[in-house]
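Working notes for the structure below.
Residue numbers (my numbering): 24 to 264.
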């Protein structure tokens, strides 16, 4: 979850709760390059203090950073991906002037991702639509993941533009698991008051309005989804249990 304190001395800092720690965003740019700031939850400073503070999220997503030894990495979410050669770096299309210096401490605090050894498959996520079937896919690293409903695009990838391509183009990519709603998404069915939050790909029922508001959720952020999307997310443990 994305959280900030609603009381106390610091109500502006935003944190990502990850692996039972709170990771502060060093800049607003680092935040908005990864997440929707509208999904930041305002919680009590007492609740926030229960988490140990981890390393700040310093770099903008998809930026290039360089170690003192000259190794270059692509920042991909919460990971760093080693770029295997200068030739691969050039093919990625970055300007050398855009490379940011990173300290050994900076790099140690970021988990290692898969090394980028070729640009034959793009490390940047894209949306594609089959012009024949109308099916949407999220394509990255040579894999395509089906998106079963456009509401998932709205929740997960509202900043991405969709490329309409042929079935033959999509055949170049191997299939992988269909995309689920991103964690923290609030959903309900039409004419059903039950509200769920997506957590770890599961939908967890929020039993009442008091619990909903105590957790800092906003009623305006609830998405109304089809039975297909709701049932695509297996039921998890109720919130509060």
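Built from N, CA and C at the ideal position, the CB exists for glycine as well.
In this text the structure is predicted, and so the values were computed from the model without any measurement.
| Asked | Found |
| --- | --- |
| Which runs of the beta strand (DSSP E) fall wholly inside the segment 228-261 and span at least 3 residues, in chain order? | 245-248 |
| Roughly how many whole angstroms lie between the Cα atoms of residue 197 and residue 99? | 21 Å |
| Is it buried or exposed, residue 207, if we count other Cβ atoms within 10 angstroms and call 16 or more buried? | buried |
| Buried or exposed for residue 88, please, with buried defined as at least 16 other CB atoms from any protein chain shown within 10 angstroms of its CB. | buried |
| I need the straight-line Cα distance from residue 122 to residue 112, nearest angstrom please. | 11 Å |
| Quick check: residue 79 and residue 44, are their CB atoms within less than 7 Å of each other? | no |
| For the candidate residues 204, 40 and 161, whose alpha-carbon lies nearest to that of residue 184? | 161 |
| Would you list the residues sitting across from residue 75 in a DSSP beta bridge? | 44 |
| One question on the structure: do residue 62 and residue 25 come within less than 7 Å of each other, judged by their Cβ atoms? | yes |
| DSSP three-state label for residue 202, please. | coil |
| Pick from 158, 167 and 223: whose alpha carbon is nearest that of residue 147? | 167 |
| Run the CB neighbour count on residue 151, radius 10 Å, all protein chains shown included, and call it buried at 16 or more, exposed below. | buried |
| Taking only the alpha-carbon atoms, compute the straight-line gap between residue 237 and residue 68 and give it to the nearest angstrom. | 12 Å |
| Among residues of its own chain, excluding the 5 on either side of residue 41, which ones have a beta-carbon nearer than 8 Å to its beta-carbon? | 77 and 101 |
| Are there 16 or more other CB atoms within 10 angstroms of the CB of residue 179, so buried, or fewer, so exposed? | buried |
| Considering only residues of the same chain and omitting the five flanking positions on each side of residue 201, which have a CB-CB separation below 8 Å? | 168, 169, 170, 171 and 255 |
| Which runs of the beta strand (DSSP E) at least 3 residues long sit entirely within the segment 58-135? Give them in chain order. | 64-66, 87-89, 95-99 and 102-105 |
| Which same chain residues end up closer than 8 Å to residue 103 when comparing Cβ atoms and leaving out the 5 residues on each side of it in sequence? | 88, 96, 97, 130, 133, 134, 135 and 136 |
| Could you tell me which residues DSSP pairs with residue 267 in its beta bridges? | With the chain covering 24 to 264 only, the question about residue 267 has no answer from this structure. |
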